[in-house]
Amino acid sequence: METIVDYDKIIDKRAETVFAAMQTRVSPEDMLRIRDAFELARHAHSSQKRKTGEPYILHPIAVASICAKELMLDANPVIAAFLHDVVEDTDFTIEDIESRFGSDVAFLVRVVTKQKKDKYVESKQVDNYKQMLDSVQYDIRALLVKLADRLHNMRTLNSMRPDKQMKIAGETDYFYAPLANRLGLYNVKTELENLSLKFRCPHEFEDLTTMIERDERLQHDRLKEFCREIHDELLAHGIETRVFTEYRRPYSLWRKMRKFGDDFNHLKYRHFTEVVFDAPEGKAEKEMVMHIYSILTDRFKEKPGGIANYIDSPKENGYQSYHVKLLASFGRWQEVHISSERMVRDSQLGCIASRNDDSIWQWIKKFRLVLRDIAARGQEGASFIEEVVRSFYNDDIMTFTPQGKPIILPQRATVMDFAFEVHTQLGLHAKYARINNQLLASVKTRLHRGDIVEIFTDPEIHPTADWLDTAMTYKARKAISQYLKQQPKPPYHRCPDCNPMPGEEVVGFKDADGGITLHKRDCPIAIRLASQKGDNIVSVDFKPDQTLYPVTINIRAVDRYHLLIDLVDCISNDLNLSIDNLHTVTEDAIVTCSITFSVHSFTELQSIMRHISIIPGVDEVKRAIL
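Going by our numbering, the letters in the sequence shown line up with residues 231 to 856, in that order.
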């Protein structure tokens with residue numbers, strides 16, 4: 231006998247759980263609006279069903295439940311969650327939503343509503359991604375509603391065809407899980423990643439799940455004992471804590487295996503131990519962390535270099551904890567995370583952990599800067615989205631001035647980015663840096679979390695076009711570009727193959743844009759152009775000015791004592807040139823030397839080569855062909 235399911239009863243029960251979660255957080259007026267939104271959605275979707283055969287309204291209820299109970303959002307996002315598919319799938323319009331629930335709810339619904347097919351500019355996915363990202367200019371809540379929608383879709387993906395599963399899982403892994411990571415929503419990110427892997431690579435997911443479960447069984451007793459030892463040791467010092475072991479999820483281990491080329495059994499730190507304490511916010515938290523760290527390192531041996539301090543330098547997604555590696559009594563290094571209850575809560579709620587408007591706007595500001603940096607690098611369309619997604623997993627690094635001022639930069643940022651972030655003029659004249667009061671570094675040196683950077687300047691130093699290849703941040707790239715635009719443009723372009731300089735025999739060819747490109751007269755490209763576009767040849771007056779042209783010369787000489795010193799002395803002191811690069815190889819008493827420097831003209835280069843050629847032992851001096 232077929233069982234009749236009372237869906238009306240199920241719908242009412244699940245909706246009531248949403249109402250109960252919101253009852254204590256919002257006003258009675260907002261509660262009426264939330265109930266009204268549910269009734270409208272119920273009416274609008276009354277004839278629709280999901281792939282599972284269930285009434286469609288169960289999906290908006292589930293999304294609203296995630297927003298209310300898991301993300302702890304306020305009234306309007308929960309209302310938008312109930313209504314998020316109404317405009318897309320029914321006859322109701324955005325205008326209907328606005329007239330009934332106000333412009334704020336209408337905005338949230340508009341952002342999460344997919345574009346109609348005839349409105350696509352690039353592709354369905356890219357356009358919808360860009361629509362959501364554009365909303366960050368104003369608000370971040372729409373992204374949270376969309377993530378809740380995606381999370382429930384992934385939780386119920388079993389009902390879809392395999393090809394649909396692959397499509398939705400691929401989108402989730404590519405865009406939505408990294409987005410959750412950037413917003414600091416650890417639980418959402420982790421669940422989306424694992425559900426994506428489950429449907430993209432079901433066999434790998436199943437194998438990893440099995441191996442994790444087996445490892446948990448094998449390690450259970452000794453890990454439980456390690457946790458007990460930590461708990462009892464801290465309790466003996468009057469500190470009450472929660473201590474437990476948490477295994478990393480399949481997706482996390484899958485990424486590590488792909489990254490390092492290890493199999494499961496050779497992966498380090500497949501799990502970690504959480505030490506969680508309760509303490510007031512502020513300074514007391516850090517004092518408590520360091521106190522616990524001191525107690526544990528007195529009891530257990532600490533692995534050198536095994537510390538990661540995410541309290542003083544939180545990850546960009548807001549994550550805070552103090553990581554240390556300790557030697558357990560069973561002879562294995564164990565990764566231990568020391569965190570307060572607040573830190574654990576914040577790592578789960580991310581950008582919405584602190585519920586004041588200022589905090590939310592700080593997240594929005596940071597997010598907008600990420601998008602602006604990427605846009606500044608000239609990315610469009612799918613390329614733009616790819617850059618955005620990469621940035622979602624690139625936690626920013628916190629660096630410091632010698633005075634202790636924190637400077638937040640993206641990963642792979644350089645000394646140059648640091649200098650511009652401190653002050654534009656500092657960046658425009660940055661010559662070199664000293665990192666951590668020890669390392670002498672060029673402006674192109676990449677920085678790491680916690681680096682203390684001291685910038686040294688020279689008024690004669692100015693940005694050149696190649697600086698744009700080094701700069702990562704929007705601020706640095708904008709300042710460099712503005713400086714270069716203000717400089718007088720050279721009257722000629724130089725052929726990149728033959729690289730002519732003043733004093734050489736050159737010929738000019740008028741380009742399609744009206745500019746003139748200079749070639750050496752023996753340049754193969756010039757010869758070809760002369761035969762094909764002889765009418766484009768123009769007269770040029772290519773005279774030396776203050777412009778410097780990099781050149782490389784190759785020297786061959788008989789090895790002797792003091793030879794290299796004589797070469798450097800001739801170039802640096804006698805000729806007053808700065809050496810950019812020097813490379814020597816000695817084989818069987820024959821020295822081959824390559825030296826790079828800059829000159830104003832070919833005539834100057836010839837003079838330099840003559841000076842070098844008369845150094846004792848030098849047999850040959852010739853210009854390198856680039």
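No residue lacks a Cβ here, since even glycine has one placed at the ideal position from N, Cα and C.
Checklist entry - Taking Cβ to Cβ, would you say Glu651 is nearer than 8 angstroms to Leu669? => result The answer is no: Cβ separation not under 8 angstroms.
Determine the DSSP secondary structure at Asp315, reduced to helix, strand or coil. DSSP places Asp315 in the coil class of the three-state scheme, outside both helix and strand.
Any contact of the region 831-841 with the region 731-745, i.e. 3+ C-beta pairs under 8 angstroms? For the pair of segments examined, the region 831-841 was found to touch the region 731-745: the number of CB pairs separated by less than 8 angstroms reaches three.
Checklist line | Nearest to Leu288 (by Cα), restricted to the options Phe312, Arg786 and Asp304 | finding: Per the Cα distances, Phe312.
TODO: Examine the Cβ distances between the region 384-403 and the region 417-432 and report whether three or more of them are shorter than 8 angstroms.
DONE: Yes: the two stretches touch, three or more of their Cβ pairs being nearer than 8 angstroms.
message = Rounded to the nearest angstrom, what separates His830 and Gln717 at their Cα positions?
response = Computed Cα separation, rounded: 18 angstroms.
- Task: Provide the residue span of the beta strand (DSSP E) that contains Val683, from first to last.
- Result: Judged by DSSP secondary structure, Val683 falls within the beta strand (DSSP E) whose first and last residues are Val683 to Thr687.
Review point. Mapping DSSP to helix, strand and coil, what is Met261?
Key: Three-state DSSP puts Met261 in a helix.
Review point. According to the Cβ coordinates, are Lys516 and Ile541 closer than 8 angstroms?
Key: The answer is yes: Cβ separation under 8 angstroms.
_Does Ala819 pass the burial test, meaning 16 or more other C-beta atoms within 10 Å, or should it be called exposed?_
Counting every other CB atom within 10 Å of its CB across the protein chains shown gives Ala819 a total below 16, marking it as exposed.
(request) Please state if the CB of Asp315 and the CB of Pro285 are separated by a distance shorter than 8 angstroms. (result) Contact: no.
Problem - Assigned exposure category for Leu809 - 16 Cβ within 10 Å defines buried - result: It is Ile, not Leu, that sits at residue 809 in the sequence shown. Here Ile809 is exposed. Its C-beta has fewer than 16 other C-beta atoms within 10 Å.
task: Figure out for me which residue from Ile691, Phe772 and Lys674 has the closest Cα to the Cα of Arg724.
output: Of the residues Ile691, Phe772 and Lys674, the one whose Cα lies closest to the Cα of Arg724 is Phe772.
Check: What is the DSSP secondary structure of Val351, reduced to helix, strand or coil?
Finding: Interpretation of Val351 is limited by its pLDDT of 43, a score under 50 that renders its predicted location unreliable; no figure is taken from the coordinates.
Relative to the C-alpha of Leu557, which candidate in Met520, Tyr549 and Phe502 has its C-alpha closest?
The shortest Cα separation from Leu557 among Met520, Tyr549 and Phe502 belongs to Phe502.
**Request:** Ignore the nearest five residues each way along the sequence and tell me which others in Arg479's own chain have a CB closer than 6 angstroms to its CB.
**Result:** Thr420 and Asn424.
Point to revise | Val505 and Ile522 closer than 8 angstroms at C-beta | key: Val505 places its beta carbon less than 8 angstroms from that of Ile522.
Worksheet item: DSSP three-state call for Met390: helix, strand or coil?
Response: Reduced to three states, the DSSP call for Met390 is coil.
Worksheet item: Of all the options Gln253, Ala251, Ala305 and Gly283, which has the alpha carbon lying nearest to the alpha carbon of Ala267?
Response: Among Gln253, Ala251, Ala305 and Gly283, the Cα nearest to that of Ala267 belongs to Ala305.
Q) What are the residues that DSSP puts in a beta bridge with Asn186? A) In the structure as shown, the chain starts at 231 and stops at 856, and residue 186 therefore has no counterpart that could be examined.
Q | Cβ-Cβ separation, Arg679 to Ser543 (assumed contact under 8 angstroms), whole Å | A | Here Ser543 really is in contact with Arg679; their C-beta atoms are around 6 angstroms apart, less than 8 angstroms.
#### Entry: The beta strand (DSSP E) enclosing Gln449, as first and last residue numbers
No beta strand (DSSP E) contains Gln449, which is instead part of the alpha helix (DSSP H) from Pro432 to Ala466.
* **Distance between beta carbons of Ala706 and Ser685, contact taken as under 8 angstroms** => The amino acid at residue 685 is misidentified as Ser; the sequence shows Ile. Ile685 to Ala706, Cβ: 13 angstroms. No contact.
- Might you give, ordered along the chain, the residues of its own chain that have their beta carbon closer than 6 angstroms to the beta carbon of Ile442, omitting 5 neighbours on each side? Close CB contacts of Ile442 within its chain, under the 6 angstroms cut and outside five residues either way in sequence, are with Tyr477 (chain order).
Open item on the list: Given this structure, state the Cα-to-Cα distance separating Thr247 from Gln253, to the nearest angstrom.
Closed with: Each residue's Cα considered, the two are about 10 angstroms apart.
- Is Ile460 closer than 8 angstroms to Ala378 when the C-beta atoms are compared? No, the Cβ-Cβ distance between Ala378 and Ile460 is not below 8 angstroms.
Roughly how many whole angstroms lie between the Cα atoms of Asp242 and Arg272? If I take the Cα positions, the gap works out to 10 angstroms.
Quick one: using the 10 Å Cβ neighbour count with 16 as the cut-off for buried, is Tyr552 buried or exposed? Label assigned to Tyr552: buried.
Review point. When the Cβ atoms of the region 841-848 are set against those of the region 791-810, are three or more pairs found closer than 8 angstroms?
Key: Touching, yes.
Candidates Met302, Met261 and Ser276: closest to Arg891 by CA position
With the chain covering only 231 through 856, there is no way to say anything about residue 891.
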